[in-house]
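Okay, structure first, notes after.
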Amino acid sequence: MKGIIQGRGLTRRHMLSGAAMGTVALAGVSVWSRTAKATRAEAMAAIKERVGGKEPQASSKIELDVPEIAENGSTVPMGVRVDSPMTDEDHVKAVHVMATKNPDPEIISFKFTPMSGRANASTRMRLAETQNVIAVAEMSDGSTVMTQKEVKVTIGGCGG
Amino acid sequence: MASNRPRVRVPRNPAKGDVMTIKTLISHEMETGQRRDDEGNVIPRNIIHSFKCVYNGTPVFEADMYPGVSANPYFEFYVKAVESGELEFIWTEDGGQTFSTKEKIEVS
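Which chain is which? The protein sequence lines are H and P, in order. Counting in this note's numbering, the first sequence runs without a single skipped number right up to 170 at its last residue. Counting in this note's numbering, the second sequence runs without a single skipped number right up to 112 at its last residue.
Rendered as structure tokens:
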């Protein structure tokens, strides 16, 4: 992946990112941790707002696939999977993923349709430090389910 | 933004009813808006905040992204193969610029 964004303008920032993207990304995370941090309450409030004011119920229907230990907080693999037939009548509409101690707790919202076939998606996320990652699924019947997992971040946080 | 080079992997010849695994990658810094340059000025936020997969004109999968998504956003997701045609992938950056790519599929 390194060098993937080479060849832009010749500002210092771009030269840096072209030369050592990984390092710059790491620096970015460490700057993060010195700035504002969301609290768990804020993250939960953001979640409730997303799902229309409802309190999501912890459930084994939703599974969060994250590493127990992430060596590099700038790219942490993350996948979510919800047990659902994904029919017109019964499907997952969205899955919201949050990190409680990131400066901005929201990471991503995946929006599914019955045409998705499976309520399953993955990406890579940034984690400022060791913290809980929360996933909340919104079902087509209006119910919400959630799960959470702690990820220990070795580099990129503040000594987490 | 000269070369964001979206790349996607889609099965060419899925059987009707198959759930296709789709992988996408696009080059982008995903600047968080939290970092500062050497003079202490905040580097403005510039991320791709939305992604959409459109199957023969119908959006089938979308993602709203925040600065917590890593640089060079990668996705793996699923789409049910129902008919031959085209899958379009659209990324939208802060400021409204879009990047897109298309893939043809032949459903048997």
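Every residue gets a Cβ at the ideal spot worked out from N, C-alpha and C, and that includes glycine.
Proximity of chain H to P/Asp-68 at the Cβ level (cut-off 8 Å) is accounted for by Ile-118, Ser-119, Lys-121, in chain order.
Interface with chain P (9 Å Cβ-Cβ cutoff): H/Asp-93 is excluded. Counting along the chain, the unbroken beta strand (DSSP E) around P/Lys-108 starts and ends at 102-109. By the neighbour-count criterion, in which a residue is buried when 16 or more other Cβ atoms sit within 10 angstroms of its Cβ, P/Gln-101 is exposed. Comparing C-alpha distances from H/His-106 to each of H/Lys-162, H/Thr-140, H/Thr-164, H/Met-135 shows the shortest one belongs to H/Met-135. DSSP places H/Glu-59 within a helical segment (H, G or I) once states are collapsed to three. P/Gly-44: not part of any beta strand (DSSP E); DSSP gives it neither H nor E.
Taking each of P/Glu-43, P/Glu-90, P/Asp-42, P/Arg-49 in turn and checking the Cα distance to P/Thr-105, the smallest one comes out for P/Glu-90. The straight-line gap separating the alpha-carbon atoms of H/Thr-133 and H/Gly-89 is approximately 6 Å.
In its chain, beyond the 5 residues on either side, Met-24 have a beta carbon closer than 6 Å to the beta carbon of P/Pro-15. Under the 10 Å beta carbon count, H/Gly-83 is surrounded by 16 or more other beta carbons and is classified as buried. In the three-state scheme derived from DSSP, where H, G and I count as helix and E and B as strand, H/Pro-77 is classed as coil. Residue environment: H/Pro-77 is assigned as exposed (fewer than 16 neighbouring CB atoms within 10 Å of its CB, all protein chains considered). Annotated three-state conformation of H/Glu-52 is helix, per DSSP. Beta-bridge pairing by DSSP links P/Tyr-78 to P/Leu-29. Contact between the segment 152-161 of chain H and the segment 41-60 of chain P is not established, with fewer than three Cβ pairs separated by less than 8 Å.
In summary, the residues of the segment 123-139 of chain H whose CB is separated from some CB of chain P by less than 7 Å are Thr-123, Met-125, Ser-126, Gly-127, Arg-128, Asn-130, Ala-131, Ser-132, Thr-133, Arg-134, Met-135, Arg-136, in the order they occur in the chain.
Two segments are said to touch when three or more pairs of C-beta atoms, one from each, lie closer than 8 Å; by this definition the segment 32-48 of chain P does not touch the segment 80-89 of chain P.
Ranked by Cα distance from H/Ala-53, the first of H/Thr-164, H/Phe-122, H/Glu-148, H/Ile-117 is H/Ile-117. For P/Ser-88, no Cβ of chain H is located within less than 9 Å of the residue's own Cβ. For H/Ser-126, the three-state secondary structure derived from DSSP is helix.
A Cβ-Cβ distance of about 5 Å is found for the pair H/Val-163 and H/Leu-137, placing them in contact under the 8 Å criterion.
Of H/Val-61, H/Val-92, H/Pro-124, the smallest CA-CA separation from P/Lys-84 is found for H/Pro-124.
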